[in-house]
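Shown next, in structure tokens, is the structure this report addresses.
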Amino acid sequence: MFAALIVMTGIAIALGAALGYAAFHFKVEGNPIAEQIDAILPQTQCAQCGYPGCKPYAEAVASSEAEINLCTPGGDDGARKLAELLGREFKPRGVTVEKPKTVALIDEQTCIGCTLCIQACPVDAIVGSAKQMHTVVSRICTGCELCLPPCPVDCIALVEEPRTPQNWRWKYPVTGLKVVA
Amino acid sequence: MIQRLFRFRGGIEPAPHKRESSAAPIRPAPLPPKLVVPLIQSSRGAARTIVTVGDKVLKGQCIGEPEGAGGTAIHAPTSGAVTEIGRYPMAHPSGLASLAIVLESDGEERWITPEPLDPAHASREELLLRIQASGIVGMGGAVFPSHIKIGKDAAIETLVINGAECEPWITCDDRLMRERAADILAGAKILCLLNGARRILIGIEDNKPEAIAAMTAAARESHGGGEAGVDVEIVPIPARYPAGGEKQLIRVLTGIEVPAGKIAGDFGVQCFNVGTAHAVCRALAHGEAMISRIVTVTGNVERPGNYEVLLGTPISSLLALCGVRPGTDRTLMGGPMMGFTLPSLDAPITKGSNCIIAASPALFPPPPPEQACIRCGTCAHACPIGLQPFELYWASRAKRFDDANRYHIFDCIECGCCAYVCPAHIPLVDYFRFAKSEIRARDEEQKAASQARARFESRLARLEREKAEKAARLAAKAAETRASLAAGDAALIAAAVQRTQAQSPDDATTPPDPI
Chain P
3 MFAALIVMTG IAIALGAALG YAAFHFKVEG NPIAEQIDAI LPQTQCAQCG YPGCKPYAEA
63 VASSEAEINL CTPGGDDGAR KLAELLGREF KPRGVTVEKP KTVALIDEQT CIGCTLCIQA
123 CPVDAIVGSA KQMHTVVSRI CTGCELCLPP CPVDCIALVE EPRTPQNWRW KYPVTGLKVV
183 A
Chain F
408 MIQRLFRFRG GIEPAPHKRE SSAAPIRPAP LPPKLVVPLI QSSRGAARTI VTVGDKVLKG
468 QCIGEPEGAG GTAIHAPTSG AVTEIGRYPM AHPSGLASLA IVLESDGEER WITPEPLDPA
528 HASREELLLR IQASGIVGMG GAVFPSHIKI GKDAAIETLV INGAECEPWI TCDDRLMRER
588 AADILAGAKI LCLLNGARRI LIGIEDNKPE AIAAMTAAAR ESHGGGEAGV DVEIVPIPAR
648 YPAGGEKQLI RVLTGIEVPA GKIAGDFGVQ CFNVGTAHAV CRALAHGEAM ISRIVTVTGN
708 VERPGNYEVL LGTPISSLLA LCGVRPGTDR TLMGGPMMGF TLPSLDAPIT KGSNCIIAAS
768 PALFPPPPPE QACIRCGTCA HACPIGLQPF ELYWASRAKR FDDANRYHIF DCIECGCCAY
828 VCPAHIPLVD YFRFAKSEIR ARDEEQKAAS QARARFESRL ARLEREKAEK AARLAAKAAE
888 TRASLAAGDA ALIAAAVQRT QAQSPDDATT PPDPI
């Protein structure tokens with residue numbers, strides 16, 4: 003009996019030491035769940051969820067602070083993916099219409115060079131300096147609309163990306179209905 | 408020499424319909440009054456215009472410089488004036504417009520002075536530059552820039568020249584081989600100089616005996632010229648669609664099966680279309696840039712045949728030349744297997760347009776209604792790549808794109824064999840094209856998202872850093888003021904003490920009466 007106690011205690015100590023070692027040396031940096039959530043989010047950094055960006059929202063979802071259906075650009079599709087990842091119940095947002103991808107466009111005639119939009123842009127997609135015309139690098143712009151409210155002269159508009167033969171997509175094949183009678 | 412041939416898996420044998428257009432020799436298409444030359448003529452990049460509206464240009468003059476390493480130049484197909492640089496509908500299934508240079512011809516067809524380049528006395532770099540500057544791209548349909556393909560530093564043993572032309576109805580390569588065999592061979596030899604190949608295999612489907620005879624005669628003649636080192640063989644191959652696919656032709660001729668994700672160059676083989684070889688010869692030996700191509704016009708027309716067409720010629724004028732018969736309901740570009748219905752006949756002929764087919768319900772009956780897939784596996788037997796089209800179909804139809812990727816949808820060459828044999832008449836290729844473009848778009852989105860994430864994080868880091876720097880600056884400033892104040896205080900106190908001491912010491916020790 004004594005021997006059994008010693009053996010069990012020994013095993014417990016050894017395993018405890020191993021776990022302690024692993025917890026210290028193989029510690030995962032950051033929150034892996036938050037990273038996975040962040041990978042699903044559309045990265046528009048639009049802050050429409052109420053958090054200052056996609057990463058903060060991902061962290062809030064990971065710590066169960068936030069609902070999974072707050073992301074507007076991600077839509078129901080994104081919420082469904084999050085539900086699947088986290089094993090939570092899917093709640094529809096009610097937004098089913100997919101908005102086409104837009105980019106901000108500054109009317110350079112009207113721009114007064116106040117730099118307010120530059121400070122608002124979460125991805126640094128606007129270039130310009132004080133009292134100089136600003137312009138949007140459309141390749142980088144995520145269409146988050148955060149530059150719209152600060153503009154004092156309302157010279158920023160969101161425009162749809164033009165369709166070119168390069169970014170055009172084939173349609174889902176539709177077959178005609180068969181007339182039977 | 409009798410060469411052992413190999414078989415590629417799958418494939419079909421559709422009715423060839425070559426006789427309609429192969430009988431008549433190549434005729435030059437008349438010069439249209441207005442030519443629309445698109446800036447994008449290769450799969451890897453556009454050209455940058457170097458002319459402005461109002462400029463007078465000569466035939467063969469460069470009007471668009473290659474942009475980036477993958478770009479190829481474009482040239483004025485005729486002499487005349489640039490009247491517009493604007494967006495015009497393209498020969499593309501979407502019918503969307505893209506940037507093009509509009510040229511009004513002056514009818515004089517005045518050539519720019521050609522500058523031939525002798526391949527024997529030019530360096531490899533010079534030749535590659537000339538190929539790029541002459542705007543040469545793969546004429547088989549993929550329009551891949553030739554200078555990139557031939558410029559790869561791979562040890563090439565065999566140069567395969569693709570004269571198979573397996574797709575029904577098309578005969579432009581057939582006529583080219585019959586009429587311009589010597590130029591094709593000369594071009595092939597230049598390509599050999601560039602990639603170091605020791606032998607040339609010219610694969611031609613056995614339903615083109617005249618082309619085989621012409622090429623054999625040309626090979627015998629040029630061999631008599633005493634050129635050593637390069638061994639030319641004309642190999643008739645069994646007619647079986649898609650024997651003209653690059654990997655399929657290489658398989659048939661050399662037995663090498665190029666695996667997924669690899670290119671033929673990794674196995675010492677390179678493959679060029681006969682049209683490309685011909686264009687290389689024209690560009691180097693004659694100094695003529697690529698400004699025209701042979702186009703087959705066939706189908707429901709009065710006078711089917713092959714035409715030498717200037718790039719930028721509207722398709723409608725080409726059709727008018729051949730007399731479209733009544734009953735034509737749509738026009739195809741490319742063959743019936745891999746081609747697409749043209750949304751607009753105003754679109755111009757480009758470097759990749761090999762065939763225009765006027766289609767009528769009599770020639771191309773509308774497909775019977777689609778039925779449910781029962782997984783009979785007929786498509787898998789026909790697939791030349793060895794894919795499982797029915798699995799791809801299920802995945803694409805249900806928009807399960809990860810599954811489609813798992814079944815290697817991007818190895819599909821869209822040859823259409825599966826849809827041709829499908830007993831349920833499912834337009835399989837349409838589904839695959841849909842899935843491919845969705846997957847591509849999704850990948851683009853992913854890329855954009857990760858870029859946005861990186862930029863957002865670096866912005867946050869920058870703001871943090873700026874905040875810390877500002878705090879540090881303020882702290883330093885505060886310490887400085889405090890120090891200077893402290894120093895100033897000490898001096899003031901000392902001065903005051905001195906002043907008081909200079910006055911009477913009694914006054915200093917006894918404070919004045921508060922009242």
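Protein chains in written order, with this note's numbering: chain P, 3 to 183; chain F, 408 to 922.
All residues carry an ideal CB built from backbone N, CA and C; glycine is no exception.
On a predicted model such as this, the values are computed, not experimentally measured, just so you know.
| request: Identify every run of the beta strand (DSSP E) within the segment 742 to 822 of chain F, keeping only runs that are complete inside it and at least 3 residues long; order them along the chain. | output: List check, beta strand (DSSP E) in window: 762 to 766.
| Does the distance from the C-beta atom of Q468/F to that of A483/F stay below 7 Å? | Here residue 468/F corresponds to residue number 61 of the second sequence, with the count starting at 1. Here residue 483/F corresponds to residue number 76 of the second sequence, with the count starting at 1. Q468/F places its beta carbon less than 7 Å from that of A483/F.
| said: Taking its Cβ as the centre, do 16 or more other Cβ atoms sit within 10 Å of P440/F, making it buried, or is it exposed? | reply: Here the question's residue 440/F lines up with position 33 in the second sequence. Flag for P440/F reads exposed.
| query | Is there contact here, the segment 776 to 795 of chain F with the segment 824 to 839 of chain F, by at least three beta-carbon pairs under 8 Å? | reply | Under the Cβ criterion (8 Å, minimum of three pairs), the segment 776 to 795 of chain F counts as touching the segment 824 to 839 of chain F.
| Got a sec? Which residues, its chain only, sit under 7 Å from R90/P by beta carbon, not counting five neighbours each side? | Counting from 1 along the first sequence, the entry for residue 90/P is found at position 88. So the list reads I70, once near-sequence residues are dropped.
| Can a CB atom of chain F be found closer than 7 Å to the CB of R90/P? | As a working mapping, residue 90/P is identified with position 88 in the first sequence. No, R90/P does not count as interfacial toward chain F.
| request: Just the chain F side, please: which residues come within less than 7 Å of K101/P by C-beta, in chain order? | output: Sequence index remark: in the first sequence, residue 101/P carries index 99 (1-based). Under a criterion of Cβ atoms nearer than 7 Å, no residue of chain F is adjacent to K101/P; the nearest Cβ is some 14 Å distant.
| Are any of the Cβ atoms in chain F nearer than 7 Å to that of Q1/P? | With chain P covering only 3 through 183, there is no way to say anything about residue 1/P.
| query | Counting only beta-carbon atoms, is N33/P nearer than 7 Å to chain F? | reply | Along the first sequence, one-based indexing puts residue 33/P at 31. Not one chain F Cβ lies under 7 Å of N33/P.
| task | Could you check how far apart the C-beta atoms of E949/F and I698/F are, in whole angstroms? I think they sit under 8 Å. | result | No statement about residue 949/F is possible, as the shown extent of chain F runs from 408 to 922 and does not include it.
| Between the beta-carbon of F841/F and the beta-carbon of W172/P, is there less than 7 Å? | As a position in the second sequence, residue 841/F is number 434, starting the count at 1. As a position in the first sequence, residue 172/P is number 170, starting the count at 1. In terms of Cβ geometry, F841/F and W172/P form a close pair [threshold 7 Å].
| task | Check the Cβ of D79/P against every Cβ in chain F and list those closer than 8 Å, keeping chain order. | result | As a working note, residue 79/P is residue 77 in the first sequence. Ordered by position in chain F, no residue passes the 8 Å Cβ test against D79/P, which lies about 11 Å from the chain.
| request: With DSSP collapsed to three states, give me the class of T137/P. | output: Your numbering for residue 137/P matches position 135 in the first sequence. Secondary structure of T137/P (DSSP, three-state): strand.
| query | Secondary structure at Y648/F, three-state DSSP: helix, strand or coil? | reply | Locating residue 648/F in the second sequence gives position 241, counting from the first residue. DSSP places Y648/F in strand when its eight states are reduced to three.
| request: Can you check DSSP and say which residues form a bridge with L465/F? | output: Translated into positions along the second sequence, residue 465/F becomes position 58. Looking at the DSSP output, L465/F sits in no beta bridge, so it has no partner there.
| field | Status (buried if at least 16 other CB within 10 Å, exposed otherwise) for G633/F | value | The sequence position of residue 633/F within the second sequence is 226, counting from 1. At G633/F the pLDDT is 48, less than 50, meaning the model places this residue with poor confidence and gives no usable figure here.
| Option in K669/F, P435/F, G417/F, A422/F with minimal Cα separation from L728/F | Translated into positions along the second sequence, residue 728/F becomes position 321. Per the C-alpha coordinates, the member of K669/F, P435/F, G417/F, A422/F positioned closest to L728/F is P435/F.
| said: Quick check on G632/F - is its C-beta less than 7 Å from some C-beta in chain P? | reply: The residue you call residue 632/F lines up with position 225 of the second sequence. Low confidence applies here, because G632/F scores a pLDDT of 49, under 50, leaving its location unreliable and the question unanswered by this model.
| request: With DSSP collapsed to three states, give me the class of C73/P. | output: Indexing the first sequence from 1 puts residue 73/P at position 71. The answer is coil: DSSP assigns C73/P none of H, G, I, E or B.
| task | For the segment 670 to 687 of chain F, enumerate the residues whose C-beta is nearer than 7 Å to any C-beta of chain P, in chain order. | result | Taking 7 Å as the Cβ-Cβ cut-off against chain P, none of the residues of the segment 670 to 687 of chain F qualify.
| Beta carbon proximity, R866/F to chain P, threshold 7 Å | Counting from one through the second sequence, the residue named residue 866/F turns up at place 459. Contact with chain P is found for R866/F, since one of that chain's Cβ atoms lies less than 7 Å from the residue's Cβ.
| task | Would you mind working out which of A650/F, Q677/F, P421/F, R813/F sits nearest G603/F, comparing C-alpha positions? | result | One-based indexing of the second sequence puts residue 603/F at position 196. Distances from the alpha-carbon of G603/F to those of A650/F, Q677/F, P421/F, R813/F put Q677/F closest.
| message | Along the segment 129 to 163 of chain P, where does the CB come closer than 8 Å to a CB of chain F? Name the residues. | response | Legend: CB atoms of the segment 129 to 163 of chain P lying less than 8 Å from CB atoms of chain F belong to residues I142, T144.
| task | Could you have a look at E887/F and say whether DSSP puts it in helix, strand or coil? | result | Numbered from 1 along the second sequence, position 480 holds the residue referred to as residue 887/F. E887/F: helix per DSSP, three-state reduction.
| task | May I ask you to report which of helix, strand or coil DSSP gives I591/F? | result | Here residue 591/F refers to the residue found at position 184 of the second sequence. DSSP, read as helix, strand or coil, puts I591/F in helix.
| task | Note down, one range per segment and in chain order, each alpha helix (DSSP H) of at least 4 residues found wholly within the segment 8 to 56 of chain P. | result | Correct list: 34 to 42.
| said: Can you give me the C-alpha to C-alpha distance between A25/P and L17/P, rounded to a whole angstrom? | reply: Taking the first sequence and counting its residues from 1, one reaches residue 25/P at position 23. Taking the first sequence and counting its residues from 1, one reaches residue 17/P at position 15. Going from the Cα of A25/P to the Cα of L17/P covers about 12 Å.
| said: Could you compute how far the alpha carbon of E709/F sits from the alpha carbon of D581/F? | reply: Your numbering for residue 709/F matches position 302 in the second sequence. Your numbering for residue 581/F matches position 174 in the second sequence. Whole-angstrom Cα-Cα distance: 21 Å.
| Can you tell me where the beta strand (DSSP E) with M940/F in it begins and where it stops? | There is simply no residue 940/F to check, as chain F begins at 408 and stops at 922 in what is shown.
| request: Could you tell me how far apart the beta carbons of V155/P and I108/P are, in whole angstroms, since I believe they sit closer than 8 Å? | output: Indexing the first sequence from 1 puts residue 155/P at position 153. Indexing the first sequence from 1 puts residue 108/P at position 106. The beta carbons of V155/P and I108/P sit about 10 Å from each other, so the pair does not count as a contact at 8 Å.
| Along chain F, in chain order, which residues have C-beta atoms closer than 8 Å to that of I55/P? | In the first sequence, the residue the question calls residue 55/P occupies position 53. The sequence shown places Gly at residue 55/P, rather than the Ile named in the question. Correct list: F863, L867.
| Taking the Cβ atom as the reference point for each residue, do T144/P and T74/P lie within a distance shorter than 7 Å? | Translated into the one-based positions of the first sequence, residue 144/P becomes position 142. Translated into the one-based positions of the first sequence, residue 74/P becomes position 72. In this structure, T144/P keeps its C-beta atom at 7 Å or more from the C-beta atom of T74/P.
| query | DSSP puts P445/F in a beta bridge; with which residues? | reply | Sequence index remark: in the second sequence, residue 445/F carries index 38 (1-based). Partner(s): A507/F.
| task | Please classify Y174/P: does DSSP put it in a helix, a strand, or coil? | result | Numbered from 1 along the first sequence, position 172 holds the residue referred to as residue 174/P. If DSSP states are grouped into helix, strand and coil, Y174/P belongs with coil.
| message | Quick check on DSSP: helix, strand or coil for Q858/F? | response | Sequence index remark: in the second sequence, residue 858/F carries index 451 (1-based). Q858/F falls in the helix class under three-state DSSP.
| Which class does G682/F belong to by DSSP, given the choice of helix, strand or coil? | Sequence index remark: in the second sequence, residue 682/F carries index 275 (1-based). Here G682/F sits in helix by DSSP.
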